[in-house]
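To start, the structure itself, in structure tokens.
2 protein chains.
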Amino acid sequence: MFTSPRNKESNERVKDERREQILSNALILFAKKGFAATKITDISAASGFSQGLIYHYYQSKEEIFVALIKNAVAIMNAAAVELERLPLTPLEKIKLAIGKLLQGLEEGEQVAYHYLLINQAVISEAIPDEAKLIVEEQTLRYEVIARIISAGQREGSFKKYDARDMALLFWTSLNGLAIYKAGHADNFKVPDANILISMFVLENINSKEV
Amino acid sequence: MFTSPRNKESNERVKDERREQILSNALILFAKKGFAATKITDISAASGFSQGLIYHYYQSKEEIFVALIKNAVAIMNAAAVELERLPLTPLEKIKLAIGKLLQGLEEGEQVAYHYLLINQAVISEAIPDEAKLIVEEQTLRYEVIARIISAGQREGSFKKYDARDMALLFWTSLNGLAIYKAGHADNFKVPDANILISMFVLENINSKEV
DNA sequence: GTCTATATCCAGATAGAC
DNA sequence: GTCTATCTGGATATAGAC
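Going line by line, the protein sequences match chains X and H.
Take my numbering: the final residue in the first sequence is number 210, and no numbers are missing along the way.
Take my numbering: the final residue in the second sequence is number 210, and no numbers are missing along the way.
Quick look at the structure:
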């Protein structure tokens, strides 16, 4: 068995796939065990090959973690930007965002894992500096939600608390829920979205819509 | 220098103090770095003595962590029980609870550290089984809040979503906030309590009271 | 590209001197 | 009660065979 020259791109593709595979396994492990407690052997075993081979694709455990953090932050930002651009009212946007995020928690694991990873980066002193920096610099999703809330307040459908306070609670509440889900995956039922919505939207407006 | 026989109790007291000292330092370290990344030398250094001496007071790193978890859970439960017993209306109880918890976040670090510790125990697979068990068995604070909410609904001052959903969001939202604070201790300002309250309490009731 | 050593380091825990 | 020295295991990362 040998590799013909013309398979070069194909090989590249295989390499990328391997890297993806490592990342997706590492994401779960890092999220569930934390950075420090996740061993390279855990990742290699989950990926189905030997421990040494990891270093063919990544230079270190840190590098894997940083790659995952970058990815998680990018996905969240992209979603926030997309949300802001949609031709919807502020009310509709907030409802859509909460709905989607809850749905993400209900169906997929990925969203929850991303939250857990970012939380580690924010909280823990035992996380690569590069990862901490990336997360700290990323406040876009807070700003987007704060802008939507402000717009909704001007428009009259939102409660008139400090918009940044509201945006903070928007994200921290969802985050808290994601953490809960991570610890109770088996019997986790997503709560009624309207409870969260009532932190932001005036009651009569909300009940009118429902 | 020798120890006279009659100093026995005094010695016991010193020993207890040392143990307390170890615990309070370990709490911060475990909360900030996580269980796996916290080294015995970190704890001994923070406490100002040699690494070996820790083992005079505790048998292992696990034992320290478990002691801390027990303590954290006990404090939270005690507070919940106390809250339920107070001669207040459900409305007053929920407001008091949110107020106190936010205040705890604002002033002290301890509450936030307890949250972080319990989160680790719930989420992480790299945590001593005994600690996980203790936390899993402790659902009292959820039950207490659910009961208060149910009472408030019967009484007519609370929103009529599923009481367990509401209790879940009560705790996960506060928890999410504690995590945020842990990562932004320097410039963290507690949000307006009324935003959280509006998840539970009917708007006209709440504004009447304020 | 993959595996099997293995070098190296570090952390938890123990032993024993003072 | 406290420290220093040491044992032991385990984890990251490297080297080199296939």
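Glycine is no exception: its CB is placed at the ideal position from the N, C-alpha and C atoms.
Quick caveat: nothing in here was measured; it's all calculated off a predicted structure.
Contact check, N175/H vs Y115/H, beta carbons under 8 angstroms
yes
Run down chain X in chain order and give the residues with a C-beta less than 9 angstroms from the C-beta of S8/H.
Checking the sequence shown, residue 8/H turns out to be Lys, not Ser. In chain order: nothing, as chain X lies at least about 40 angstroms away.
In whole angstroms, what is the alpha-carbon distance linking K95/X and I145/X?
12 angstroms
Distance between A37/H and A163/H (C-alpha atoms, nearest Å):
38 angstroms
If you draw a straight line from the C-alpha of I127/H to the C-alpha of S60/H, how long is it?
13 angstroms
Got a sec, what are the start and stop residues for the alpha helix (DSSP H) T41/H sits in?
40-47
Taking only beta-carbon atoms, is L90/H less than 8 angstroms away from chain X?
Sequence check: residue 90/H is Pro here, not Leu. Answer no: the Cβ-Cβ gap between P90/H and chain X never drops below 8 angstroms.
Which bits of chain X does E106/H rub up against, with CB to CB less than 8 angstroms?
Neighbours of E106/H on chain X: none; closest Cβ ~13 angstroms, over 8 angstroms.
Please state the DSSP three-state secondary structure of E209/X.
Confidence is the limiting factor: at E209/X the pLDDT is only 49, short of 50, which leaves the residue's position unreliable, though a coordinate-based value still follows. Residue state, collapsed to three classes: helix.
Please name the residue in Y57/H, G183/H, Y180/H, L168/H whose C-alpha comes closest to that of T193/X.
According to the sequence shown, residue 193/X is Ala rather than Thr. Nearest of Y57/H, G183/H, Y180/H, L168/H to A193/X, Cα basis: L168/H.
Taking a contact to mean a Cβ-Cβ separation below 8 angstroms, would you say T172/X touches S173/H in this structure?
yes
Burial state of Y58/X (16 or more Cβ within 10 Å)
buried
Hey, does T172/X have any beta-carbon neighbour from chain H nearer than 8 angstroms?
yes
Using a beta-carbon distance below 8 angstroms, is N119/H in contact with chain X?
yes
Check whether the Cβ atoms of I123/H and A72/H lie closer than 8 angstroms to each other.
no
Distance, Cα to Cα, I43/H vs V14/X?
46 angstroms
Can you name the residues that DSSP bridges to V111/H?
Partner(s): none; V111/H has no beta bridge.
Going by beta carbon distance, what residues of the same chain come within less than 6 angstroms of E130/H, once the five residues before and after it are set aside?
V66
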